[in-house]
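First comes the structure, then the notes that go with it.
Chains as they are written, first to last, in my numbering: chain A, 25 to 521; chain B, 45 to 307.
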């Protein structure tokens, strides 16, 4: 029966897709109806949640227009366009039906797809302008990450130091002077007792006693830094007139510098003489360099990371092999019990596998505490599930032909396994295992971010400290390790194919 | 001598593959089993060395009832009966030599073979078997590096390692082209005439049957429908052949291989 075009168009006017159904295009109609109502639902949901304080729909639309005008206009127009095109499509279909043609135009669904992509664009807050406008901000840390090697070494320095004591009390007796050894640098301070700087009620600094430090026996014409240590031995660099106290030695290696005794909070409960220490230091570059702390830490942790991956893979293999037998359909389909074990095992494996190792690490950290072992536990759990599935598929893929042939020679069961089953299983087992090791090392680079040990912890910490050069070193090590591993694992798998 | 009496075989899914089949194979015969795919040829061959357990009937192999043997008693039976297969059934990733040596598993000590150890005598025997099928230079290659015809020759060498009194050949040439088919069947014929090994072989093409068989049995839907000696086969017309095979059987010489697709 052919329904007149106006009626089908009217049907689609009332309910998108109905006209298509009337034309006998049920799938087309259903697709149009469900996509239109889904899009409409998403649109209304967004409007309602954006303007959640408004009660009336008119108010909600007005509020959404203010807050998210782009979304409202684009998606609203899209919905109207789909609705109108649906009416036109129903009309057109009726005419095509009359001519005996069955093929409808695809433009309706192109429009529906466009509508969904524009909803997606709006919901996921895509803003391509940011890629350009924010780029300059990213360049500073990124350049440090790209070439971080200045932070990979420290210069070795040679420190020449001399010290003397001073009493931070104007009334006591200054401590004895330890005479300087011949040929060693030495300093003296005058006066040998005085008042430390203090803060008045406005938190302004009231300068303490001015002291003069004289030194001799230092390297000539080089910088001298003055350091101060309080009665408890806490060292710091004193400032005078907002500058660190430094000076240059003369050609004979002597210097003289004057500054106020620094501020130091002395707790009221402190007793005994407040003997402070004044130090003069010359720090010289020896020209040698040594590995910096970030480099050493990175190397330590990348080693830890690789071994975490290895140990997790190892435990994964051991546990996955028995599990894989339970999850192999060809082995378990013998009895009803077997097949139910198969389905239970498969389901558990799928659930475990669908939870990311990072989530398992969160659980493992609670379970065994922070550190690489938690990471290993997390990766092992995930590896068992992943390898169990891959191994069981390898078992399912075994060619029964050779087994039959070996049985026919009169071989025992064990001989059949050794000569027909194992040779077929080794290549997929090796290749899946290597692949898993590769994945595990890659995963253990991030698992540290949740406290599971490995380099991810360090990387996260450097990023939080905004130490992008140190972070860059970690990134480089991760990249190099992962690419080497990727290459090696690809080559090994190639060999076993 | 092999005597099959009232052999029936029903698969667990209910398929009746063999129905009351009886025949006898004399020592030194080249017996060819013909029939369409699904007519029960493969099932019949696999019942003889008990790769499949028949539902009823007896299989007398030199006086021993093969159907009554327990799992552990099968070893002596199986090692006297070599088998070659349509798809060769080699362990593809193992070397040719390992595949051939595997034919000796029924004789060798189970323990040492688990570690991959075979006696010097077995190794010598394997070398001779490979020599016999002309594959001595390929011994170290992986089995899947060989061509189809070569792989089937490895299959024959493996069967030879068993010092078989009989060889079961399940469509040994169905995966090979006509030239290679003659080559492989030529090896089997040599073994049959020179070493006196009984051959029980399923085949598809009338030309090959007429050329090699000393006796033929025909199966259709699990029933034994034809039995003939050398003269009967030689004089067999296409019409009779088609009677067994159904109407779409053709000679290999016509070039089209439609006589029942290889199973």
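Idealized CB from N, CA, C, for every residue including glycine.
Treat the numbers as computed from the prediction; the structure is a model and nothing was measured.
Compute the beta-carbon to beta-carbon distance between residue 135 of chain A and residue 105 of chain A, rounded to the nearest angstrom, for a pair I have assumed lies under 8 Å. About 6 Å separates the CB atoms of residue 135 of chain A and residue 105 of chain A; that is less than 8 Å, so the two are in contact.
Counting only beta-carbon atoms, is residue 108 of chain B nearer than 9 Å to chain A? Taking Cβ atoms only, chain A never reaches closer than 9 Å to residue 108 of chain B, which makes this a no.
Can you look up residue 151 of chain B in the DSSP assignment and give me helix, strand or coil? It is coil, neither helix nor strand.
Does the beta carbon of residue 150 of chain B sit closer than 9 Å to a beta carbon anywhere in chain A? With 9 Å as the cut-off, residue 150 of chain B counts as an interface residue toward chain A.
Could you tell me the distance, in whole angstroms, from the CA atom of residue 305 of chain A to the CA atom of residue 250 of chain A? Approximately 6 Å, taken between the alpha carbons.
Hey, does residue 129 of chain B have any beta-carbon neighbour from chain A nearer than 9 Å? Nearest CB-CB separation between residue 129 of chain B and chain A: below the 9 Å threshold.
With a threshold of 9 Å between beta-carbons, can residue 361 of chain A be considered close to chain B, or not? Chain B has no Cβ within less than 9 Å of the Cβ of residue 361 of chain A.
If you drop the 5 nearest sequence neighbours on each side, which residues of the same chain put their C-beta closer than 7 Å to that of residue 225 of chain B? If we look at residue 225 of chain B and ignore the five residues flanking it on each side, its Cβ neighbours are 217 and 252.
Could you pull out every unbroken beta strand (DSSP E) segment of at least 3 residues lying fully inside the region 210 to 258 of chain B, listed in chain order? Counting only runs of at least 3 residues, the region 210 to 258 of chain B fully encloses the following beta strand (DSSP E) elements, listed from N- to C-terminal order: 210 to 213 and 242 to 247.
Cβ-based burial, residue 214 of chain B [other Cβ within 10 Å; buried from 16]: Around the beta-carbon of residue 214 of chain B, 16 or more other beta-carbon atoms lie within 10 Å, marking it buried.
9 Å Cβ cutoff, residue 418 of chain A in contact with chain B: So, not an interface residue.
Which residues mark the beginning and the end of the beta strand (DSSP E) in which residue 483 of chain A is found? For residue 483 of chain A, there is no enclosing beta strand (DSSP E); the residue is part of the alpha helix (DSSP H) that begins and ends at 479 to 488.
Below 6 Å CB to CB, which residues in the same chain sit around residue 192 of chain A once its five sequence neighbours on both sides are set aside? The answer, listed in chain order, is 220, 298 and 300.
Got a sec: is the Cβ-Cβ distance from residue 138 of chain B to anything in chain A below 9 Å? Output row for residue 138 of chain B: interface = yes.
Between residue 425 of chain A and chain B, is any beta-carbon pair separated by less than 9 Å? True, the Cβ-Cβ gap to chain B drops below 9 Å.
Of the choices A/172, A/263 and A/40, whose alpha-carbon is the least far from that of residue 61 of chain A? The residue with the shortest Cα to Cα distance from residue 61 of chain A is A/40.
Below 8 Å, is the gap between the Cβ of residue 266 of chain B and the nearest heavy atom of the ligand FAD? The model depicted lacks the ligand FAD and carries no ligand whatsoever.
Output the distance between the C-alpha atoms of residue 479 of chain A and residue 506 of chain A, rounded to the nearest integer angstrom. Answer to the nearest angstrom: the Cα atoms are 12 Å apart.
Check whether the Cβ atoms of residue 332 of chain A and residue 468 of chain A sit closer than 9 Å, and answer yes or no. The Cβ atoms of residue 332 of chain A and residue 468 of chain A sit closer than 9 Å to each other.
Taking 7 Å as the limit between beta carbons, can you name the residues of its chain near residue 99 of chain B, skipping five residues before and five after? Excluding residues within five positions, the ones whose Cβ falls inside 7 Å are 52, 53 and 54.
Same chain only: Cβ atoms within 7 Å of residue 38 of chain A, ignoring 5 sequence neighbours per side: No residues qualify anywhere along the chain.
Distance, Cα to Cα, residue 219 of chain B vs residue 419 of chain A? Rounded to the nearest angstrom, the two C-alpha atoms are 26 Å apart.
Give me the Cβ distance between residue 493 of chain A and residue 175 of chain A, rounded to the nearest whole Å; I'm assuming they're in contact under 8 Å. Yes, they are in contact, since the Cβ atoms of residue 493 of chain A and residue 175 of chain A sit about 4 Å apart, within 8 Å.
Distance CB(residue 228 of chain B)-CB(residue 186 of chain B) smaller than 9 Å: No, Cβ-Cβ distance for residue 228 of chain B and residue 186 of chain B is not below 9 Å.
For chain B, is any of its Cβ atoms less than 9 Å away from the one on residue 434 of chain A? Against chain B, the CB of residue 434 of chain A has a partner CB under 9 Å away; the residue lies at that interface.
Counting only the same chain and skipping the five closest in sequence on each side, list residues whose C-beta sits under 8 Å from that of residue 392 of chain A. The answer, listed in chain order, is 398 and 401.
Checking the sheet assignment: what are the DSSP bridge partners for residue 131 of chain B? DSSP, once it has assigned bridges, lists no residue as partnering residue 131 of chain B.
By the DSSP assignment, the alpha helix (DSSP H) with residue 166 of chain B in it spans what residues? Looking at the DSSP string, the run of the alpha helix (DSSP H) that includes residue 166 of chain B is 164 to 176.
So that I know if they touch, is there some Cβ in chain A lying closer than 9 Å to that of residue 171 of chain B? No, residue 171 of chain B lies away from the interface with chain A (no Cβ there is under 9 Å from its Cβ).
Per-residue contacts from residue 127 of chain A into chain B (C-beta, under 8 Å): Near residue 127 of chain A there are no residues of chain B at all, since even the closest Cβ is about 38 Å away, more than 8 Å.
Does the structure place the region 268 to 276 of chain A close enough to the region 317 to 324 of chain A that three or more beta carbon pairs sit under 8 Å? As far as the Cβ criterion goes, the region 317 to 324 of chain A does not touch the region 268 to 276 of chain A, which means the pair count is below three.
Specify, as a first and last residue, the run of the beta strand (DSSP E) that residue 238 of chain A falls within. 234 to 240 is the extent of the beta strand (DSSP E) around residue 238 of chain A.
Answer with yes or no whether the minimum CB distance from residue 196 of chain B to chain A is below 9 Å. Not one chain A Cβ lies under 9 Å of residue 196 of chain B.
Quick one: what does DSSP say residue 181 of chain A is sitting in, helix, strand or coil? If DSSP states are grouped into helix, strand and coil, residue 181 of chain A belongs with the strands.
Return no unless some Cβ of chain A is closer than 9 Å to the Cβ of residue 178 of chain B. False, the Cβ-Cβ gap to chain A never drops below 9 Å.
For residue 250 of chain A, which three-state DSSP category applies? It is a strand residue.
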